[in-house]
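Residue numbers for the sequence shown follow my numbering, beginning at 2 and rising by one.
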Amino acid sequence: MAKGQRFTAGRKSLQRGALHAIAARSPVPGRVYLVGAGPGSVDLLTLRAAALIGRADVLVHDRLVGDDVLALAPASAERVYVGKARGRHTLPQPEINALLVRYALAGRDVVRLKGGDPFVFGRGGEEIEALRAHAIAFEVVPGVTAACGMAAYAGIPLTHRDHAHAVTFVAGHLKDGTMDLDWPALARPGQTIVVYMGLAGLPVLVRELVAHGLPGVTPAAVVQQACSPQQRVVAGTLQELPCLARGARIEPPALVVVGDVVALRASFAWFAPEVHATGGHAAAAGGG
Ligand code: SAH
């Protein structure tokens, strides 16, 4: 196959990486490590993740992996970015799968770094299916998923014996102007809901939850860039949250969290960059 023939992403770093990967097929395939990089801060990596990154041959990473995490890799490591570039879309998942397969078949060990945990809205399962189809060995390293990082750093326990006996993580991206979620189940009291990728659809989320019976006065928050020095939090009631988030110009990556536990942050928040914003009067503060 001609060098670079099948790599059409047009991204320099990717093309460079691809050229190396298209070396002749190695008799001994490499191994792929699907590694959770946690929610942003290098301190929140697992020891296993840090060790694997520290001796990485090839690093394939997306946009949620911070520079301080990437800096742990040896200078000799080949870095391949497959996330969103300005004005461009993420590399399609099948192309990422093919890239991992190609490197491994060329005999390279690959650290596939993903924000948070690889198995929580991380499409780790799809990558494993591709690896298995080519009999490529793999290992999965868990990471602190954004919801757990956010809970700790925003002072919002996800469960609490007096307030929430269950927690549900949902993906909140919009499809045809709505979200494909089980609204009656989500609107039940006594639980916490954490919405990933839910910022753009926040008004829809609030409208549906309230329409299905969750009181508009339920405590709720949006947390941007949780666990980083840029963390920002807006908290108030469910019904006022879209307005608060818009007013504070909250941007992705952000999580929405809904439930009585959010009220606890008024006394549980400990992380310095944030300034409390409760009751709908104050806006978010701190950082960009
Ligand atoms: N596998 C990742 C989730 C990837 S989906 C994990 O386990 O955390 C991407 C979404 O995760 C973002 O749109 C955002 O909703 C959320 N997210 C990831 N990192 C975040 C952070 N540091 N702060 C707030 N939300 C974050």
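We put the beta carbon where it would ideally sit given N, CA and C, even for glycine.
L203 is a Cβ neighbour of V257, given a cutoff of 8 Å. For D163, the closest of P254, P190, L182, G173 by C-alpha to C-alpha distance is P190.
Beta-bridge analysis with DSSP links R80 to L60. Assignment of G39 by DSSP, reduced to helix, strand and coil, places it in the strand class. Here the alpha carbons of T169 and L159 stand approximately 9 Å from one another. Annotation for L256: the continuous beta strand (DSSP E) segment containing it runs 255-259.
Between V112 and V59, the gap from beta carbon to beta carbon is short of 8 Å. Pairing A153 with H213, the inter-Cα distance amounts to about 29 Å. By the CB criterion at 8 Å, A76 and A57 fall outside the cutoff. Pairing V263 with V61, the inter-Cα distance amounts to about 35 Å. Shortest gap from the CB of K176 to any heavy atom of the ligand SAH: 7 Å or more. Remark: the shortest separation between the CB of Q94 and any heavy atom of the ligand SAH does not fall under 7 Å.
If you check the CB distance, V224 and Q232 come in under 8 Å.
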